[in-house]
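Residue numbers (our numbering), protein chains in the order written: chain A, 12 to 304; chain B, 182 to 459; chain C, 219 to 556.
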């Protein structure tokens, strides 16, 4: 994909890319380089000097039960967030697609949560489930259940999953609806004439044809769960109780900023970098091979 | 859906409305909470309909807040969001222009450098970026809030994709008319890209406004708080004594601009989302 | 195999009625072509028979059963869509087998039917390809194959040839006709192309504005059109309409328009001819020429002549073949010849 006709200029293109390159170098590559550098050093307790330790920070991390737990927590968290937000969104999108005339209105009403910051989503859900004064807590108490996510790790995970997924439902809904509406009606009608009931049509025709969208959303949702949910965790649980909701990105923050363990935090950043890299490659690889019907 | 007879339609609408209610009720609670007194909240159950203290609570939030008045925080958020949005748009469109319409040594390198930034969300580089910002004296400042978030590979790619679809004849006609590259850029390329720029503006604005982690790190003085990160600061360590009505009022105000943008510019928003993920 | 019957069928969308009462009796094995301009309601009618649209009033019966309340899959019909509507993610074989699998037919019976349809439609080499690897004509055949394997009571065709190029269209319409003859399945075929209607139909239904203006064998509709619309729609080049003042001999009581087909006019010398005028322009088609003649009331008559094109402006006369003039009243309906 190359433009055949271009302009001639010695210096202009450099001037044009300069701003972006400048910011990119100063705020992306320099810090990234720093992170890699720092990950190989162990700062002394006073932060005055550091000692080169090579890959020791990394090996320590992989042996650290807290870090391993954080990996598991992140995996569990991302899976749940992705599963919940995608299935609810798909369900709603299928329903909205059935409604021929109203789907535009439903779409308007369902997509605005996307605009809500994850941090605010966290505050809202925290408010509802506050162990002492939350409305939902009150209802649960009325049904005999004592909710306290400050003490109960499972409840804490549940709460952050719901708060994170809640926001993503809009995004997924939008894409699923677009994907569903892109399937030609006549193909659905042909299946109906061939004898397929709604359920059968969904699983044998609609879902397979939706698979590019589904795969794409899967990747996006996992990336979202990995990174953008920091705000939710920070506002609701602060990673707790204990480490029960400390996902990888949160741990980088906690160890680096709160714990001042720069070497470990840097090493964790580098590991995260690899993970993002893989996800990004998967995403781009897949987009290259997007199936067209 | 093919089947038009029977209860199917009614049920469908019902469930959809239920879904919308479920999605909206956290906001509803927050709104109600922002209109009642602290006492009403601390003694559950909180009433489910709005109370009479709307003006009072919002005024208090606006003028005092908890550790910074909401008016200040809204201002900071606006400066940050608009700064990042315009910044991203400006530098991305210029880079895309350069990469698409010029052949120069190092072009491929530039392209890949920009591409690689996709793999470096801010969360992955927080500590060193913070150190660099500190070194450059950017803590607690607007440039500090804005600059590290400004380079955007997605916007650059989008513009590149867009420019690729513009016919070559445009450039040829411009050259024949005696227009140089910047003229072409201003008079022809920009106007043709208007809708895409608007669509991207919506997405970027929401993204910038909702930033949390980076503003959290780079601001230590309450007067530089943005509204989205500032809310967390309004919770004291023992949250039973949090000033809930004011916090909820702040939350409502924090949500207002992005939601308004999504609702009123829905078509552009949807277009922007779908285009930017291609 | 079955009969199809439409009894006073009406369709409204909200307050707007689009089909104003259509009656049709289709015999077993007949190929009925429903033809008309865009918006006349022909596709809507077909979709009502299929069950893809609800019926507002009247009854539709297939094989003697009233099907108004039945879903498409309960009606024992098969449909060929204008854009083929093949399942893009399935091979040709799977596309053909889909309906049969749903009907829980045994595997070897499915295989047998698929093979039979593939042979009939020359799809044998393509069974394992996906639709996007096929040409338009091949996809059309797969769409028909899908209908054939189900061995339904009736076939419904919704403008199946509109998306093909002209040459392919000619070839396919002969194949569809032959196929239908061989299988003997009752068929409803919708098109806007009157040539398809003329060449394929056992009987033609000419629709206009939600009403069936005439139902009959093609040649009957051609020779004895029931209304101005039918006369002008069927036949190419279209029938000439002229004011009765030009041919006073033929104007009967109440006739407001006369109709003569171009092939029923002959060019003669202008002197003493029943009709005369000047040549406006000529279209030379090769085998014959269409001469457009401007009359003195400024209307244009088209004459099909076997000679060479004439000079513009030349005076020319026309003779009328006896018994071919049709008269229409003010309401557009056919009046009896005087």
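For each residue, glycine too, the CB sits at the ideal point set by N, CA and C.
Any beta carbon from chain A within less than 8 Å of residue i's own beta carbon?
i: residue 375 of chain B; result: no
i: residue 296 of chain C; result: yes
i: residue 346 of chain B; result: no
i: residue 210 of chain B; result: yes
i: residue 328 of chain B; result: yes
i: residue 262 of chain B; result: no
i: residue 234 of chain B; result: no
i: residue 312 of chain B; result: yes
i: residue 464 of chain B; result: Absent from the model: residue 464 of chain B. The displayed extent of chain B is 182 to 459, so no value can be given.
How many angstroms separate the CA atom of residue i from the CA atom of residue j?
i: residue 140 of chain A; j: residue 86 of chain A; result: 24 Å
i: residue 165 of chain A; j: residue 171 of chain A; result: 10 Å
i: residue 195 of chain A; j: residue 187 of chain A; result: 15 Å
i: residue 90 of chain A; j: residue 429 of chain B; result: 30 Å
i: residue 284 of chain B; j: residue 332 of chain B; result: 22 Å
i: residue 208 of chain A; j: residue 202 of chain A; result: 8 Å
i: residue 242 of chain B; j: residue 440 of chain B; result: 20 Å
i: residue 423 of chain B; j: residue 417 of chain B; result: 6 Å
i: residue 392 of chain C; j: residue 407 of chain C; result: 14 Å
i: residue 473 of chain C; j: residue 461 of chain C; result: 9 Å
i: residue 544 of chain C; j: residue 239 of chain C; result: 27 Å
i: residue 399 of chain C; j: residue 500 of chain C; result: 40 Å
i: residue 233 of chain C; j: residue 272 of chain C; result: 15 Å
i: residue 227 of chain B; j: residue 393 of chain B; result: 29 Å
i: residue 65 of chain A; j: residue 311 of chain B; result: 23 Å
i: residue 443 of chain C; j: residue 363 of chain C; result: 36 Å
i: residue 454 of chain C; j: residue 282 of chain B; result: 55 Å
i: residue 88 of chain A; j: residue 236 of chain A; result: 7 Å
i: residue 426 of chain B; j: residue 229 of chain A; result: 38 Å
i: residue 433 of chain B; j: residue 189 of chain A; result: 30 Å
Is there a Cβ from chain C that is less than 8 Å from the Cβ of residue i?
i: residue 46 of chain A; result: no
i: residue 79 of chain A; result: no
Using 8 Å as the threshold, is the C-beta distance between residue i and residue j below it?
i: residue 336 of chain B; j: residue 381 of chain B; result: yes
i: residue 72 of chain A; j: residue 62 of chain A; result: no
i: residue 131 of chain A; j: residue 240 of chain B; result: no
i: residue 534 of chain C; j: residue 476 of chain C; result: no
i: residue 92 of chain A; j: residue 179 of chain A; result: yes
i: residue 375 of chain C; j: residue 405 of chain C; result: yes
i: residue 281 of chain A; j: residue 47 of chain A; result: yes
i: residue 433 of chain C; j: residue 441 of chain C; result: no
i: residue 409 of chain C; j: residue 251 of chain C; result: yes
Listing by chain order, which chain A residues have their CB less than 8 Å from the CB of residue i?
i: residue 300 of chain B; result: 284, 287, 288 and 291
Starting from residue i, find everything on chain A with Cβ-Cβ shorter than 9 Å and list it in chain order.
i: residue 379 of chain B; result: Within chain A, no residue comes near residue 379 of chain B; the closest Cβ sits about 16 Å away, beyond 9 Å.
i: residue 429 of chain B; result: 134, 135 and 138
Run through chain C and tell me which residues come within less than 7 Å of residue i, C-beta to C-beta.
i: residue 191 of chain A; result: By Cβ distance, chain C contributes nothing, its closest Cβ being about 15 Å from residue 191 of chain A, past 7 Å.
i: residue 198 of chain A; result: 303 and 305
Interface residues of chain A around residue i at Cβ under 7 Å?
i: residue 290 of chain C; result: 203 and 204
i: residue 268 of chain C; result: 204
i: residue 413 of chain B; result: 130, 245 and 246
i: residue 325 of chain B; result: What residue 325 of chain B touches in chain A: nothing, since even the nearest Cβ is about 11 Å away.
Could you check whether the Cβ of residue i sits closer than 8 Å to any Cβ belonging to chain B?
i: residue 214 of chain A; result: no
i: residue 49 of chain A; result: yes
i: residue 185 of chain A; result: yes
Name the chain C residues that come within less than 8 Å of residue i, Cβ to Cβ?
i: residue 195 of chain A; result: 301 and 303
Can you list the residues of chain B that residue i reaches, using a CB-CB cut of under 7 Å?
i: residue 66 of chain A; result: In chain order: nothing, as chain B lies at least about 19 Å away.
i: residue 17 of chain A; result: 282, 283 and 284
On the premise that residue j lies in contact with residue i, defined as a C-beta separation below 8 Å, what is that separation, rounded to the nearest angstrom?
i: residue 386 of chain C; j: residue 355 of chain C; result: 5 Å
i: residue 304 of chain B; j: residue 241 of chain A; result: 6 Å
i: residue 4 of chain A; j: residue 50 of chain A; result: What is shown of chain A runs 12 to 304, which leaves residue 4 of chain A out entirely.
i: residue 252 of chain A; j: residue 176 of chain A; result: With a Cβ gap of about 21 Å, residue 252 of chain A and residue 176 of chain A do not count as contacting.
i: residue 438 of chain B; j: residue 390 of chain B; result: 6 Å
Just the chain B side, please: which residues come within less than 8 Å of residue i by C-beta, in chain order?
i: residue 267 of chain A; result: 307 and 308
i: residue 31 of chain A; result: 272, 273, 275, 276, 295, 332 and 337
Can you pull the chain C neighbours of residue i, defined as C-beta to C-beta under 9 Å?
i: residue 207 of chain A; result: 291, 316, 317 and 320
i: residue 109 of chain A; result: Neighbours of residue 109 of chain A on chain C: none; closest Cβ ~15 Å, over 9 Å.
Residue i touches chain B at which residues, Cβ-Cβ below 9 Å?
i: residue 95 of chain A; result: Neighbours of residue 95 of chain A on chain B: none; closest Cβ ~12 Å, over 9 Å.
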